[in-house]
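Some notes on the structure that comes next.
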Amino acid sequence: MLKQVEGSAAVAEAVALCRPEVICAYPISPQTHIVEGLGKLVSAGRLAPCEFINVESEFAAMSVAIGASAAGARAYTATASQGLLFMAEAVFNAAGLGLPIVMTVANRALGAPINIWNDHTDALSQRDCGWIQLFAEDNQEALDLHIQAFRLAEELSLPVMVCMDGFILTHAYERVDLPTQEQVDAYLPPYEPRQVLDPADPVSIGAMVGPEAFMEVRYLAHAKQRQALELIPAWADEFKRVFGRESGGLAHTYRLEDAETVVVALGSVLGTIKDTVDELRDQGVRIGVLGITCFRPWPTAAVRAALANAKRVVVLEKSLAVGLGGIVSNNVSASYPGSPDDVHTVVAGLGGRAITRASLRRVFTEAIEGRLEHVTFLDLDHKLVERVLAREREQRRSGPIAEGILKDLGVVAAKIG
Amino acid sequence: MTHQPIRFYQTGTFTVGNRLLAQEQRSVQAQAGRTNSLNSGHRACQGCGEALGARYAIDAAMDATNRQLVAANATGCLEVFSTPYPETSWQIPWIHSLFGNAAAVATGIAAAMRVKGRENVRVVAQGGDGGTTDIGFGCLSGMFERNDDVLYICYDNEAYMNTGVQRSSATPPAARTNTTMPVGSSTGARFGQGKNLPRIAMAHEIPYVATATVAELRDLEAKVRRAMEFRGARYIHILVPCPLGWGHGSAETIRMARLAKETGIFPVFEAEHGEVTNVSKIRRPLPVEEYLRPQTRFAHLFKPPGHPEIIARLQQLADRNIRRYGLLDTEAAS
Numbered sequence: 001m002l003k004q005v006e007g008s009a010a011v012a013e014a015v016a017l018c019r020p021e022v023i024c025a026y027p028i029s030p031q032t033h034i035v036e037g038l039g040k041l042v043s044a045g046r047l048a049p050c051e052f053i054n055v056e057s058e059f060a061a062m063s064v065a066i067g068a069s070a071a072g073a074r075a076y077t078a079t080a081s082q083g084l085l086f087m088a089e090a091v092f093n094a095a096g097l098g099l100p101i102v103m104t105v106a107n108r109a110l111g112a113p114i115n116i117w118n119d120h121t122d123a124l125s126q127r128d129c130g131w132i133q134l135f136a137e138d139n140q141e142a143l144d145l146h147i148q149a150f151r152l153a154e155e156l157s158l159p160v161m162v163c164m165d166g167f168i169l170t171h172a173y174e175r176v177d178l179p180t181q182e183q184v185d186a187y188l189p190p191y192e193p194r195q196v197l198d199p200a201d202p203v204s205i206g207a208m209v210g211p212e213a214f215m216e217v218r219y220l221a222h223a224k225q226r227q228a229l230e231l232i233p234a235w236a237d238e239f240k241r242v243f244g245r246e247s248g249g250l251a252h253t254y255r256l257e258d259a260e261t262v263v264v265a266l267g268s269v270l271g272t273i274k275d276t277v278d279e280l281r282d283q284g285v286r287i288g289v290l291g292i293t294c295f296r297p298w299p300t301a302a303v304r305a306a307l308a309n310a311k312r313v314v315v316l317e318k319s320l321a322v323g324l325g326g327i328v329s330n331n332v333s334a335s336y337p338g339s340p341d342d343v344h345t346v347v348a349g350l351g352g353r354a355i356t357r358a359s360l361r362r363v364f365t366e367a368i369e370g371r372l373e374h375v376t377f378l379d380l381d382h383k384l385v386e387r388v389l390a391r392e393r394e395q396r397r398s399g400p401i402a403e404g405i406l407k408d409l410g411v412v413a414a415k416i417g
Numbered sequence: 418m419t420h421q422p423i424r425f426y427q428t429g430t431f432t433v434g435n436r437l438l439a440q441e442q443r444s445v446q447a448q449a450g451r452t453n454s455l456n457s458g459h460r461a462c463q464g465c466g467e468a469l470g471a472r473y474a475i476d477a478a479m480d481a482t483n484r485q486l487v488a489a490n491a492t493g494c495l496e497v498f499s500t501p502y503p504e505t506s507w508q509i510p511w512i513h514s515l516f517g518n519a520a521a522v523a524t525g526i527a528a529a530m531r532v533k534g535r536e537n538v539r540v541v542a543q544g545g546d547g548g549t550t551d552i553g554f555g556c557l558s559g560m561f562e563r564n565d566d567v568l569y570i571c572y573d574n575e576a577y578m579n580t581g582v583q584r585s586s587a588t589p590p591a592a593r594t595n596t597t598m599p600v601g602s603s604t605g606a607r608f609g610q611g612k613n614l615p616r617i618a619m620a621h622e623i624p625y626v627a628t629a630t631v632a633e634l635r636d637l638e639a640k641v642r643r644a645m646e647f648r649g650a651r652y653i654h655i656l657v658p659c660p661l662g663w664g665h666g667s668a669e670t671i672r673m674a675r676l677a678k679e680t681g682i683f684p685v686f687e688a689e690h691g692e693v694t695n696v697s698k699i700r701r702p703l704p705v706e707e708y709l710r711p712q713t714r715f716a717h718l719f720k721p722p723g724h725p726e727i728i729a730r731l732q733q734l735a736d737r738n739i740r741r742y743g744l745l746d747t748e749a750a751s
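Protein sequence lines, in the order shown, are assigned to chains A and B.
Under our numbering, the first residue of the first sequence is numbered 1, with each subsequent residue one higher.
Under our numbering, the first residue of the second sequence is numbered 418, with each subsequent residue one higher.
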């Protein structure tokens with residue numbers, strides 16, 4: 001059924017269709033509308049039997065989900081940013097225990113300075129936590145990925161994180177095709193746990209493991225994620241069969257044929273990138289796009305194949321490996337058959353900074369003309385940064401960093417390039 | 418009170434052979450069909466109060482729930498000594514997730530059981546004092562506040578014993594731990610700090626709160642049984658002496674627990690919905706010195722020239738408990 005709804009509402013509907021049994025809710029922008037939507041559905045009795053638990057922190061949200069999942073219930077929660085970090089210990093734990101929890105991360109920057117707007121720092125900080133990490137390009141995909149996530153999680157007995165850009169997707173009203181309950185039921189069978197806390201068959205879950213077996217347990221986690229690389233495309237195909245549309249998979253390519261320059265990115269910015277690429281293509285520029293849907297496990301073979309003929313790669317990422325450059329680009333470099341020198345990192349959109357077609361066009365052109373540095377910060381106000389650095393050289397007590405920047409900036413205006 | 422202690426004065430102990438009791442008065446541990454929930458072969462130290470307390474508490478809970486019990490365990494001694502992979506001493510469904518989230522994991526299990534229509538399966542969460550009063554406090558308070566259907570059991574040995582005896586917010590004043598060393602002008606853990614978790618639990622007005630010690634195991638069993646008669650959040654705080662951390666002989670565990678109760682240092686009581694309903698009376702009050710002296714964690718108080726002023730302050734704390742809970746058995750005293 002076609003509906004014009006907010007992204008969060010679309011996700012709430014998708015999760016509801018997956019018949020969740022325990023939902024843990026803790027508010028944090030920009031995720032809150034999702035659990036609000038689910039709370040309303042539970043109160044209305046539409047999801048019965050389902051427990052909606054207002055917990056006291058994200059750490060508790062993930063911990064309640066761990067308990068519920070270990071006891072055989074389909075468990076879901078959603079978070080963002082600081083919340084994801086606050087639950088980080090439990091995030092790793094859920095993966096280590098092999099519990100198929102599904103969680104939405106409404107991607108948002110991490111403080112300090114506190115910032116509620118979108119980038120990918122939160123989810124990418126957890127890239128080694130053992131969860132499968134899927135990134136949605138638009139609201140339809142966000143909706144679809146949740147349905148695929150439960151299937152994937154429960155088949156592999158691994159947790160899955162569905163990442164969608166905060167505000168840009170969560171708060172955007174877009175047309176989505178909402179599946180029917182029959183379709184979702186046909187795709188997603190009831191949860192059959194591999195391990196369960198049951199008095200009829202008592203097991204100990206979460207025993208201490210020493211050096212004699214720890215490596216093997218970790219290897220199994222890795223092996224399962226590599227298994228997911230086979231299953232994700234298979235279930236995307238199955239999804240297409242049941243729902244009649246393409247969604248999910250490991251990666252999407254766009255106008256890659258004969259492309260000498262390939263732009264790699266995750267999430268909603270792919271829309272703007274594609275528009276920019278269309279403009280450049282119209283002018284005869286041989287440029288294409290590789291959108292990564294599945295960030296963990298990293299789809300090495302798919303990336304390698306997509307980049308096989310590229311002369312240069314521009315990784316546009318909403319994240320920063322402080323002291324290095326790019327997080328995504330580091331992964332891309334490892335899968336690029338050419339020289340790592342031809343993989344450019346463009347750090348963009350941190351803390352919600354708008355990424356415009358004009359700016360993208362500029363950096364893509366610079367890359368093609370061989371003028372793009374190895375690591376670039378899109379639309380960085382160099383003068384502003386220089387002033388702060390100069391002040392720090394001159395004065396010992398140069399004051400709080402963010403406050404100093406804001407003072408120099410004067411009247412705060414939206415930075416639209 | 419919940420449990421009538423049977424005093425067997427002829428032997429000079431409070432214990433009594435089960436053969437002398439009627440069937441219904443016998444302890445769960447005396448039953449041939451006891452579940453041995455925490456089975457033998459685990460790696461607790463000799464004289465471990467926590468292992469003893471856990472065995473009695475969980476077997477009693479199993480008995481009270483017709484063996485329909487699931488446990489969530491915080492990281493700590495109990496977790497480490499009971500489940501070194503691939504061995505486990507637990508004969509019940511048991512999960513260990515993290516140090517600070519046992520209460521929340523238990524909430525999740527209880528929610529799952531409700532969804533599955535298996536509300537006959539009851540949930541216990543358990544942890545040491547560090548996992549309860551410090552790092553797990555947020556999750557515990559949340560579980561209390563929501564009145565989730567979980568019995569939380571704290572095995573309190575008054576410090577972080579698993580990591581090698583460091584102060585927790587349950588460490589009593591003047592105690593020596595490895596982070597409250599009585600060196601220089603310091604006399605051990607400070608006065609005026611620490612949390613009284615049973616009272617904090619009562620402030621949540623949850624259905625049932627009780628304290629117990631491993632000196633009165635029938636009382637402990639009775640309190641676990643009583644706790645299982647309620648739905649909603651319940652809390653039992655058990656004093657479990659630790660020979661390693663307290664510095665007493667491994668055969669002295671139960672005596673230490675009894676002295677803690679008989680001196681008034683550790684009040685033993687029950688509360689329902691925030692009100693104290695029962696207290697275990699002290700039969701013959703003893704000075705706190707009797708409790709302190711056998712423990713090396715208080716040895717610095719007795720080393721010449723000694724610290725009578727510190728001992729007096731600890732006595733004041735015990736006296737305050739005696740007044741606050743009405744611990745003196747006036748009938749026996751008269």
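C-beta atoms are modelled at their ideal positions from N, C-alpha and C, and glycine is treated no differently.
Query, Result
"Which residues does DSSP pair with D138 (chain A) in a beta bridge?", "According to DSSP, D138 (chain A) bridges with nothing at all."
"Within this structure, are the beta carbons of H513 (chain B) and F561 (chain B) separated by less than 8 Å?", "no"
"So is Y569 (chain B) buried or exposed if we call it buried at 16+ other beta carbons inside 10 Å?", "buried"
"For T505 (chain B), go through chain A and note every residue whose CB falls closer than 8 Å to its CB, in chain order.", "S204, A207"
"Let me confirm a value: M479 (chain B) is counted as buried when at least 16 other C-beta atoms fall within 10 Å, else exposed. Which label applies?", "buried"
"Please state whether DSSP places G130 (chain A) in a helix, a strand or coil.", "coil"
"Could you tell me the distance, in whole angstroms, from the CA atom of V15 (chain A) to the CA atom of L197 (chain A)?", "24 Å"
"Tell me where the beta strand (DSSP E) around K3 (chain A) begins and ends.", "2-6"
"In the structure shown, what three-state DSSP assignment does Y742 (chain B) receive?", "helix"
"Can you find the residues in the same chain that come closer than 6 Å, C-beta to C-beta, to A481 (chain B), ignoring five residues on each side of it along the sequence?", "R642, M645"
"Please confirm if V487 (chain B) has its CB atom under 8 Å from at least one CB of chain A.", "yes"
"Give the straight-line distance between the Cα atoms of G249 (chain A) and G288 (chain A), rounded to the nearest whole angstrom.", "19 Å"
"Within 8 Å of any Cβ in chain B, is that where the Cβ of S57 (chain A) sits?", "yes"
"Determine the closest residue to F135 (chain A) out of A:S329, A:E212, A:A334, A:T293, with distance taken between C-alpha atoms.", "A:T293"
"First and last residue of the beta strand (DSSP E) that includes T376 (chain A)?", "375-377"
"Return the chain-ordered list of same chain residues with a C-beta closer than 8 Å to the C-beta of E6 (chain A), the five sequence neighbours on each side being excluded.", "H33, T170, H171, A172, Y173"
"With C-beta atoms as the reference, is A629 (chain B) less than 8 Å away from I671 (chain B)?", "no"
"Name, in chain order, the residues that DSSP records as bridge partners for W511 (chain B).", "A:S204, B:A488"
"Measuring CA to CA, which of B:V600, B:P599, B:G611, B:V567 is closest to T588 (chain B)?", "B:G611"
"Only counting runs of 4 or more residues, tell me where the alpha helix (DSSP H) segments fall wholly within the stretch 249-295 of chain A, in order along the chain.", "269-282"
"Given 8 Å as the limit, is there contact between the stretch 592-610 of chain B and the stretch 705-717 of chain B, that is, 3 or more CB pairs closer than that?", "yes"
"From the DSSP output, in three-state form, read off D408 (chain A) for me.", "helix"
"Expressed to the nearest angstrom, what Euclidean distance is found between the alpha-carbon atoms of A677 (chain B) and Y708 (chain B)?", "6 Å"
"Please list, in chain order, the residues of the stretch 186-199 of chain A that have any C-beta partner in chain B closer than 7 Å.", "L197, D198, P199"
"Less than 8 Å separating the beta-carbons of L378 (chain A) and S359 (chain A)?", "yes"
"Out of A:E58, A:V64, A:V262, A:N54, point me to the one whose CA is closest to A367 (chain A)'s CA.", "A:V262"
"Which ranges would you report for the beta strand (DSSP E) in the stretch 209-238 of chain A if only whole runs of at least 3 residues count?", "none"
"Taking H382 (chain A) as the reference, which of A:L409, A:R396, A:E260 has the closest Cα?", "A:L409"
"Using a Cβ cut-off of 8 Å, pull out every chain A residue sitting near M530 (chain B), in sequence order please.", "A71"
"Give every residue of the same chain whose Cβ lies closer than 6 Å to the Cβ of T121 (chain A), excluding the five residues on either side of it in the sequence, and list them in chain order.", "A109, L110, S319"
"A71 (chain A) and M530 (chain B): beta carbons closer than 8 Å?", "yes"
"Between the beta-carbon of F364 (chain A) and the beta-carbon of T276 (chain A), is there less than 8 Å?", "yes"
"For Y502 (chain B) and chain A, any beta-carbon pair shorter than 8 Å?", "yes"
"Please decide whether A90 (chain A) counts as near chain B, where near means a Cβ-Cβ distance under 8 Å.", "yes"
"Along chain A, which residues have their Cβ under 9 Å away from the Cβ of G450 (chain B)?", "Here the premise fails: no neighbours, minimum Cβ distance about 16 Å."
"Runs of 3 residues minimum, wholly inside the stretch 557-626 of chain B: which ones carry the beta strand (DSSP E) assignment?", "568-573"
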